[in-house]
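A.B. asks: For the record, in the sequence shown the residue sitting at position 80 is 79 according to numbering that gives the first Met the number 0, with numbers rising by one throughout.
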Amino acid sequence: MNKIKWGIIGCGDVCEVKSGPAFSKIEHSELVTVMRRNAERAEDYAYRHQVPVWYSDADDLINDPEVNAVYVATPPNSHLEYVLKVAQAGKPIYVEKPMGRTYAECQQMIEACEKAGVPLFVAYYRRQLPYFLKVKELIESGIIGTITVVNLTLLKSPKIADADPNLNWRVNPEISGGGHFHDLASHQLDLLAYYFGDFVDIVGIASNALRQNAAEDTVTASFKFESGLIGSGSWTFTSLASHQKDQVQIIGDKGTITFCCFNDTTPIVLETDSKRQEFSIPYPQHVQQPLIQTIVDELRGIGNCPSTGHTGAKANWVMDKVLGKI
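(1) For isoleucine 294, which residues from the same chain have a beta carbon less than 7 Å from its beta carbon, with the 5 sequence-adjacent residues on both sides left out?
(2) Whether or not the region 104–121 and the region 218–231 are in contact is what I'm after, with contact meaning three or more pairs of Cβ atoms, one per stretch, closer than 8 Å; do they touch?
(3) Quick one: residues in its chain with C-beta nearer than 6 Å to the C-beta of glycine 203, no 5 flanking neighbours on either side, listed in chain order?
(4) In angstroms, rounded to a whole number, what distance separates the CA positions of isoleucine 61 and arginine 100?
(5) Do you know how far the Cα of valine 16 is from the Cα of threonine 271?
(6) Please confirm if the region 132–143 is in contact with the region 39–55, defined as three or more CB-CB distances below 8 Å between the two stretches.
(7) Between Gly116, Arg36, Ala41, which lies nearest to serine 77 when the distance is taken from Cα to Cα?
(8) Of the residues Thr145, Lys158, Ala240, which one's Cα is nearest the Cα of aspartate 338?
(9) Quick check for students: name the residue ranges of the beta strand (DSSP E) that lie wholly in the region 9–52, counting only runs of 3 or more.
(10) Rounded to whole angstroms, what is the Cα-Cα separation between glutamine 276 and glycine 116?
(11) Mind checking asparagine 315: buried by the 16 CB within 10 Å criterion, or exposed?
(12) Classify glutamine 292: buried if its beta carbon has 16 or more other beta carbons within 10 angstroms, exposed otherwise.
(13) Could you tell me whether the region 236–251 touches the region 150–157, using the rule of 3 or more Cβ pairs below 8 Å?
(14) Does the Cβ of valine 69 lie closer than 7 Å to at least one heavy atom of the ligand GTP?
(15) For alanine 240, which three-state DSSP category applies?
(16) Quick check on DSSP: helix, strand or coil for phenylalanine 120?
(17) Decide if proline 157 is buried, meaning its Cβ has at least 16 other Cβ atoms within 10 Å, or exposed.
(18) What's the call for glycine 311, buried or exposed, on a 16-neighbour Cβ count within 10 Å?
(19) Give the C-beta separation of lysine 4 and valine 66 to the nearest angstrom, bearing in mind that I take them to be a contact with Cβ-Cβ under 8 Å.
(20) Identify, in the order they occur along the chain, each residue of the same chain with its Cβ nearer than 6 Å to the Cβ of leucine 132, setting aside the five sequence neighbours on each side.
(21) If you draw a straight line from the C-alpha of lysine 84 to the C-alpha of isoleucine 8, how long is it?
(22) Can you find the residues in the same chain that come closer than 7 Å, C-beta to C-beta, to proline 266, ignoring five residues on each side of it along the sequence?
(23) Should glycine 196 go down as buried or exposed, given a rule of 16 or more other Cβ atoms within 10 Å for buried?
(24) Compute the distance between the beta-carbons of tyrosine 102 and isoleucine 301, then report whether it is under 8 Å.
(25) Looking only at C-alpha atoms, which of Asp296, Pro97, Pro51 sits nearest to glycine 308?
Here it is in structure tokens:
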């Protein structure tokens with residue numbers, strides 16, 4: 000496959016800046032068609048982003064002979080349906096995160112793609128962002144010695160729209176699979192697995208403290224990685240706006256690395272006995288572009304993408320374990 004000609008199913012908000020424009024900014028890659036059930040919005044997106052063809056029916060896009068790879072950018076409740084259809088059509092798939100509503104849905108996607116012989120990639124784009132690769136570099140350098148624990152804290156204030164799942168699908172478990180934990184923790188858990196290997200032991204507890212909607216709003220977990228490293232996570236979506244916090248702290252016997260997952264204006268901080276260093280590394284304009292580049296490279300036979308169906312499904316497995324679903 001020399002040139003990757005992409006079609007997007009679900010050209011909503013995530014496709015405006017984070018992902019959509021990147022497909023045509025990468026060499027040997029082009030966005031040739033988009034689809035959205037609302038025809039007017041599909042046409043508008045295509046016009047504004049200079050995409051030559053648009054559809055309001057996903058089957059039309061999937062079966063378009065000009066399309067040889069598909070990006071599924073819809074909410075999680077339709078990921079399984081579309082991934083199965085694209086796999087049956089024999090085309091490579093890039094699916095948004097979280098990969099599915101449950102680990103079981105992810106497994107179905109993997110099985111369908113393996114049966115069809117098509118690659119499956121998942122949009123855990125932090126695996127290729129320079130900010131997070133710098134963290135990985137510091138971990139692997141050994142500068143903080145033997146790593147003994149990793150602690151994750153995310154405090155977010157509730158949103159007005161959270162009280163109405165019709166306004167915010169992310170807090171409607173039937174659509175998203177969970178609440179803000181499912182949406183945001185998936186990024187963090189995938190990143191920790193990228194740094195430290197698979198999770199092997201997890202204990203979690205969750206509650207719906209404010210009862211704004213049907214989703215959990217407070218979650219805590221303790222976990223162990225295959226290396227034996229242990230850690231903890233605390234996710235609270237009931238905080239005061241003035242007390243919001245986004246922090247991951249990696250503690251070693253010779254120092255610590257502290258960084259955040261959702262704010263590139265906060266530097267990475269390295270602290271040892273002898274020094275304190277800060278690393279400010281802004282995100283690129285299109286945050287998914289570095290990961291999409293690796294997908295294009297793999298499809299062209301000149302590289303490998305670090306975020307696959309197998310790695311993406313593991314984030315769902317961890318979340319299901321934390322929430323007691325499996």
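Where a beta carbon is used, it is the ideal one built from N, C-alpha and C, also for glycine.
C.D. replies: Straight from the coordinates:
(1) Within the same chain, isoleucine 294 has close Cβ partners Tyr93, Phe120, Cys304.
(2) The region 218–231 makes no contact with the region 104–121, as fewer than three CB pairs between them are under 8 Å.
(3) For glycine 203, where only same-chain residues beyond five positions count, the Cβ hits under 6 Å are Ala220, Val321.
(4) Computed Cα separation, rounded: 22 Å.
(5) So the alpha carbons of these two residues sit roughly 38 Å apart.
(6) The region 132–143 vs the region 39–55: no contact.
(7) Checking every option, the nearest Cα to that of serine 77 belongs to Arg36.
(8) With the chain covering 0 to 325 only, the question about residue 338 has no answer from this structure.
(9) Complete beta strand (DSSP E) runs here, min 3: 28–34.
(10) Glutamine 276 and glycine 116 have their alpha carbons spaced roughly 46 Å apart.
(11) So asparagine 315 counts as buried.
(12) Answer is buried; the Cβ neighbour count reaches 16.
(13) In this structure the region 236–251 touches the region 150–157; the number of beta carbon pairs closer than 8 Å is three or more.
(14) This structure simply doesn't include the ligand GTP, nor any ligand for that matter.
(15) DSSP places alanine 240 within a helical segment (H, G or I) once states are collapsed to three.
(16) Here DSSP, grouped into helix, strand and coil, assigns phenylalanine 120 to strand.
(17) By the 10 Å Cβ count, proline 157 comes out buried.
(18) Its Cβ being crowded by 16 or more others within 10 Å, glycine 311 is buried.
(19) The pair is a contact, with the Cβ atoms about 6 Å apart (cut-off 8 Å).
(20) Correct list: empty, nothing qualifies.
(21) Between lysine 84 and isoleucine 8, the C-alpha separation is close to 12 Å.
(22) Cβ contact annotation for proline 266 (same chain, cutoff 7 Å, sequence separation greater than five): Glu277, Phe278, Ser279, in chain order.
(23) By the 10 Å Cβ count, glycine 196 comes out exposed.
(24) No.
(25) Nearest option by C-alpha distance: Pro97.
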